[in-house]
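K.L.:
Numbering (the working numbering), first residue to last: 291 to 854.
A single structure is presented below for examination.
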Amino acid sequence: MKFNEIPYKRPELESIFSELNVLIKKFQEASSAQEQIDLMKSIKEVRNEMESFKTIASIRHSINTNDKFYDSENKFFDENSPAYTSVINTYYQAVVKSKFQSELANEFGEHFFNVSKVTVESFDEKNIELLKEENKLSSEYNVIIAQLEIIIDDKKYTIGNISPILSSPDRSLRKRAAKALYKALELKQTELDKLYDGLVKIRHQMAINMGYENYVDLAYKKLNRTDYDSKDVAEYRKAIKEYVVPVVKKLKIRQQKRLGLDSMKYYDSGFKFKSGNPKPKGKSSEIISQGEKMYAEMSPETNEFFQFMLKHELMDLEAKEGKMAGGYATIIGKYKYPFIFSNFNGTSHDVDVLTHEAGHTFQFFRSLSQPLPEYYYPTLEAAEIHSMSMEFFAYPWMDKFFKEDVKKYKFSHLSGSISFLPYGAAIDEFQHFVYENPNISISDRNAGWLKIEEEYGLTSDKEDNSYLLSGRFWQKQGHLYRVPFYYIDYTLAQVCAFQFWEKSEEDFKSAWSDYLHLCNLGGSLPFTKLLEEAKLKSPFVKDNMKGVIQKIDEFLEKIDDSEM
Ligand code: ZN
């Protein structure tokens with residue numbers, strides 16, 4: 291069945307809830323481990339059914355936010371997910387109390403219990419109304435951003451298709467585009483301020499209701515982080531300041547020199563090369579068929595995967611009006627289908643979709659045979675290793691996409707990847723600041739951003755741009771609204787992906803086999819254990835960071851970019 295042919299109907303919550311409650315009760319009363327194992331399988335089936343409908347509605351809504359039907363279905367799930375989560379939570383409570391834990395751990399591994407435990411500790415019935423409100427506000431954010439009207443020279447753009455113009459070689463066009471973007475955001479800034487303030491207050495209140503000091507620890511648990519805490523992350527951010535920020539500063543100076551600019555303005559950062567940024571050659575259909583060839587040659591496993599995606603039409607790649615911004619990869623568990631969503635825009639981003647999002651979906655494809663739905667996805671920082679490393683494993687095929695621009699692409703991709711780390715760490719530090727100080731005013735919050743931005747060397751000349759000067763740049767970063775504290779994950783994963791890059795340059799086959807092993811493991815282990823299995827060094831160790839970053843720095847130093 292193709293994605294479009296999958297029938298959708300709104301699940302009947304009452305019968306699903308009662309079915310689950312019966313199964314959970316049987317689980318609690320079970321007199322043998324085998325009985326519990328069988329019940330876990332039945333619970334998985336019911337969950338797959340419910341969660342698949344939710345995902346289908348969400349995908350179809352994100353493809354066309356103007357579609358009234360799926361808009362209301364999406365709202366239905368926003369409204370009812372907390373009650374569903376509550377039922378599932380009683381299941382995890384029963385798991386944590388199971389008499390047969392050691393037998394179950396023999397069958398499924400220890401990690402399932404870690405996940406069950408943090409799930410129990412991050413949910414409370416008392417918070418259901420607040421959770422509903424939180425869902426509502428973050429959906430409102432999505433709609434504001436998707437419907438943002440960016441007017442450049444009388445033409446209308448959306449956040450999904452503006453980025454090629456933001457990196458145009460024509461400096462004055464680039465400037466008009468950046469101005470238009472921030473103007474559009476400025477028109478919504480009061481709403482965006484209010485939404486965020488509302489979300490911070492709601493999240494803080496939920497933490498207080500559950501006896502936490504603030505939202506930070508609760509958020510870590512919600513993200514299933516079972517093997518590190520906010521202190522480890524703070525140390526890691528320090529290593530970024532120490533080892534990465536100086537490297538990125540050098541890269542910025544090289545960029546400015548290359549472009550022959552007297553100073554870097556806020557509208558220059560996206561423009562990397564005088565001759566234009568590297569662009570994939572050919573129409574989107576050609577890019578997709580190059581992707582098909584690449585995966586056919588890369589390995590038998592990637593070939594099987596990509597053919598499956600094509601056959602079942604599990605990719606919606608091109609930008610359209612009303613389509614939600616950004617890209618994601620997800621799973622429709624009932625059908626064992628992964629799905630890729632993106633907004634192609636004619637830049638190298640399109641190739642990144644076929645590598646990054648495809649890296650995620652490849653892992654899903656490999657782990658959908660894991661026995662528990664909890665193991666389909668690893669935690670988010672581990673999940674990004676699959677996607678970001680795939681970007682590097684794809685390097686030998688990049689000439690197919692970029693032809694004569696391939697050197698420029700690799701320089702741009704690698705320098706872009708390392709330049710991202712300070713930004714990612716800044717977004718994370720900002721969130722710690724926000725949730726550790728939940729009651730400060732909106733303007734103090736924005737002033738906090740300006741300070742952090744400076745510390746991570748992210749600033750360029752803002753000229754008279756009042757939106758940027760007010761410290762609201764972060765509002766564009768949807769994660770802050772939608773999934774708080776989900777951001778440092780990208781940087782942790784990037785440091786791991788860099789290691790796969792180094793290894794694949796030395797010995798592709800052996801690096802690939804470690805990577806495949808990591809994909810097969812899915813979410814069956816926590817982050818740091820997955821790293822051990824994949825023979826990767828932990829980013830939480832300062833010396834590891836130093837070593838990884840040094841290699842990238844040396845490599846980039848050797849490339850002559852002056853003529854690019
Ligand atoms: Zn990703």
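No residue lacks a Cβ here, since even glycine has one placed at the ideal position from N, Cα and C.
Keep in mind it's a predicted model, so treat the numbers as computed, not measured.
#1: Just tell me which of S750, I732 and A716 has its CA closest to the CA of I778.
#2: Taking 7 angstroms as the cut-off, is the C-beta of E674 nearer than that to any heavy atom in the ligand ZN?
#3: Which residues in the same chain as K446 place their Cβ atom closer than 8 angstroms to its Cβ, once the five residues preceding and following it in sequence are excluded?
#4: Output needed for S429: all residues of its chain with C-beta closer than 8 angstroms, excluding positions within five of it in sequence on either side, in chain order.
#5: Please report the straight-line C-alpha distance between K389 and E532, rounded to a whole angstrom.
#6: According to DSSP, simplified to helix, strand and coil, what is S457?
#7: Note down, in chain order, each residue of its chain lying with its Cβ closer than 8 angstroms to the Cβ of Q767, except the 5 sequence neighbours on either side.
#8: Taking the straight line between their C-alpha atoms, what separation do you get for R493 and I418?
#9: By the DSSP assignment, the beta strand (DSSP E) with S321 in it spans what residues?
#10: Return yes when the C-beta of H602 is under 7 angstroms from any heavy atom of the ligand ZN, and no when it is not.
#11: Taking just the CA atoms, how far does K478 sit from K358?
#12: In the DSSP assignment, the beta strand (DSSP E) including I263 goes from what residue to what residue?
#13: For E664 and G813, which I take to be in contact (beta-carbon distance under 8 angstroms), what is that distance rounded to the nearest angstrom?
#14: Looking at I314: is its Cβ nearer than 8 angstroms to the Cβ of Y381?
#15: Under the rule that 16 or more other beta-carbon atoms within 10 Å means buried, what is D558, buried or exposed?
#16: If you run the structure through DSSP and keep just helix, strand and coil, what is K389?
#17: With DSSP as the reference, please indicate the residues paired to P628 in a beta bridge.
#18: Taking one C-beta from the stretch 634-648 and one from the stretch 564-584 each time, how about it: are there three or more such pairs within less than 8 angstroms?
#19: Would you check if the distance between the CB atom of A684 and the CB atom of M584 is smaller than 8 angstroms?
#20: What does the Cβ neighbour count give for K547, buried or exposed, with the cut at 16 atoms within 10 Å?
#21: With E608 as the anchor, note down where its alpha helix (DSSP H) starts and where it stops.
#22: State the CB to CB distance for the pair I675 and L489, rounded to an integer number of angstroms; the pair is presumed to be in contact (CB under 8 angstroms).
#23: How about R466 and L456: are their beta carbons less than 8 angstroms apart?
#24: Return helix, strand or coil for F595, following the three-state DSSP convention.
#25: Which residues bound the beta strand (DSSP E) around Y447?
#26: Output yes if chain B places a C-beta closer than 8 angstroms to the C-beta of E744; else output no.
#27: Can you tell me where the alpha helix (DSSP H) with I578 in it begins and where it stops?
#28: In or out: A524 buried (at least 16 other Cβ within 10 Å) or exposed?
#29: Whole angstroms is fine: what's the gap from G837's alpha carbon to A384's?
#30: Less than 7 angstroms separating the Cβ of H650 from some heavy atom of the ligand ZN?
#31: Give the DSSP-derived three-state secondary structure of F692 in the structure shown.
#32: List the endpoints of the continuous alpha helix (DSSP H) containing Y780.
#33: To which residues of the same chain is Y666 closer than 8 angstroms at the C-beta, ignoring the five residues directly before and after it?
#34: Taking only three categories from DSSP, how would you classify F634?
#35: Going by the CB atoms, is the gap between R772 and T669 shorter than 8 angstroms?
P.N.:
Working from what's here:
#1: Along the sequence shown, read from residue 1 onward, the residue named residue 778 stands at position 488. For the residues S750, I732 and A716, the minimum Cα distance to I778 belongs to A716.
#2: Here residue 674 refers to the residue found at position 384 when the sequence shown is read from its first residue. E674: yes, Cβ under 7 angstroms from the ligand ZN.
#3: For the purposes of this step, residue 446 is identified with residue 156 of the sequence shown, where counting begins at 1. E439 and I440.
#4: Here the question's residue 429 lines up with position 139 in the sequence shown. Excluding sequence positions up to five before and after S429, its CB lies within less than 8 angstroms of the CB of N364, K365 and D368, all in the same chain and listed in chain order.
#5: In the sequence shown, counting from the first residue as 1, residue 389 sits at position 99. In the sequence shown, counting from the first residue as 1, residue 532 sits at position 242. If I take the Cα positions, the gap works out to 49 angstroms.
#6: By 1-based counting over the sequence shown, the position of residue 457 is 167. Coil, per DSSP.
#7: Reading the sequence shown from its first residue, position 477 is the one you call residue 767. Cβ neighbours of Q767 beyond the five flanking positions: I717 and Y777.
#8: Numbered from 1 along the sequence shown, position 203 holds the residue referred to as residue 493. Numbered from 1 along the sequence shown, position 128 holds the residue referred to as residue 418. So the two alpha carbons sit approximately 12 angstroms from each other.
#9: Against the sequence shown, residue 321 aligns to sequence position 31. Segment: none, S321 is in no beta strand (DSSP E) and carries neither H nor E.
#10: As a working mapping, residue 602 is identified with position 312 in the sequence shown. No, since every heavy atom of the ligand ZN falls outside the 7 angstroms radius drawn around the Cβ of H602.
#11: Within the sequence shown, numbered from 1, the residue matching residue 358 stands at position 68. Within the sequence shown, numbered from 1, the residue matching residue 478 stands at position 188. Cα atoms of K358 and K478: separation of roughly 23 angstroms, rounded to the nearest angstrom.
#12: This structure cannot settle anything about residue 263, because the visible part of the chain is limited to 291 through 854.
#13: Within the sequence shown, the letter at position 374 stands for residue 664. Within the sequence shown, the letter at position 523 stands for residue 813. 6 angstroms between Cβ atoms; contact.
#14: In the sequence shown, counting from the first residue as 1, residue 314 sits at position 24. In the sequence shown, counting from the first residue as 1, residue 381 sits at position 91. A contact, by the Cβ cut-off of 8 angstroms.
#15: The count along the sequence shown starts at 1 and reaches residue 558 at position 268. D558 should be labelled buried.
#16: By one-based count along the sequence shown, residue 389 stands at place 99. Collapsing the DSSP output to three states places K389 in coil.
#17: Looking up residue 628 in the sequence shown gives position 338. Paired residues: I621.
#18: Two segments are said to touch when three or more pairs of C-beta atoms, one from each, lie closer than 8 angstroms; by this definition the stretch 634-648 touches the stretch 564-584.
#19: Stepping through the sequence shown from its first residue, residue 684 is reached at position 394. Stepping through the sequence shown from its first residue, residue 584 is reached at position 294. Yes, the Cβ-Cβ distance between A684 and M584 is below 8 angstroms.
#20: On the sequence shown, residue 547 is found 257 positions in, with the first residue counted as 1. By the 10 Å Cβ count, K547 comes out exposed.
#21: Walking along the sequence shown from the start, residue 608 turns up at place 318. Not the alpha helix (DSSP H): E608 falls in the beta strand (DSSP E), residues M605 to E608.
#22: Position 385 of the sequence shown holds residue 675. Position 199 of the sequence shown holds residue 489. That belief does not hold up - the Cβ atoms of I675 and L489 are roughly 28 angstroms apart, past 8 angstroms.
#23: As a working mapping, residue 466 is identified with position 176 in the sequence shown. As a working mapping, residue 456 is identified with position 166 in the sequence shown. Taking 8 angstroms as the Cβ cut-off, R466 and L456 do not qualify as a contacting pair.
#24: Along the sequence shown, one-based indexing puts residue 595 at 305. When secondary structure is reduced to three states using DSSP, F595 falls in the helix class.
#25: Counted from its first residue, the sequence shown places residue 447 at position 157. Segment K445 to Y447, the beta strand (DSSP E) holding Y447.
#26: No chain B is present in this structure, which holds just one protein chain.
#27: By 1-based counting over the sequence shown, the position of residue 578 is 288. First-last of the alpha helix (DSSP H) with I578: S574 to M588.
#28: What you label residue 524 is simply residue 234 of the sequence shown in a count that begins at 1. Sixteen is the threshold: since fewer than 16 other Cβ atoms of the shown chains lie within 10 Å of the Cβ of A524, the residue is exposed.
#29: In the sequence shown, the residue the question calls residue 837 occupies position 547. In the sequence shown, the residue the question calls residue 384 occupies position 94. One C-alpha to the other measures close to 45 angstroms.
#30: Position 360 of the sequence shown, counted from the start, is the residue given in the question as residue 650. Distances from the CB of H650 to the heavy atoms of the ligand ZN include at least one below 7 angstroms.
#31: As a first step, residue 692 is located in the sequence shown; it is residue number 402 there, counting from the start. In the structure shown, F692 sits in a helix (DSSP, three-state: H, G or I).
#32: Looking up residue 780 in the sequence shown gives position 490. For Y780, the enclosing alpha helix (DSSP H) stretches over residues I778 to E796.
#33: On the sequence shown, residue 666 is found 376 positions in, with the first residue counted as 1. So the list reads I621, G623, F654, S657, L658, Q660, G812 and G813, once near-sequence residues are dropped.
#34: Taking the sequence shown and counting its residues from 1, one reaches residue 634 at position 344. Secondary structure at F634: strand, using DSSP grouped into helix, strand and coil.
#35: Counting from one through the sequence shown, the residue named residue 669 turns up at place 379. Counting from one through the sequence shown, the residue named residue 772 turns up at place 482. No, they are not a contact pair.
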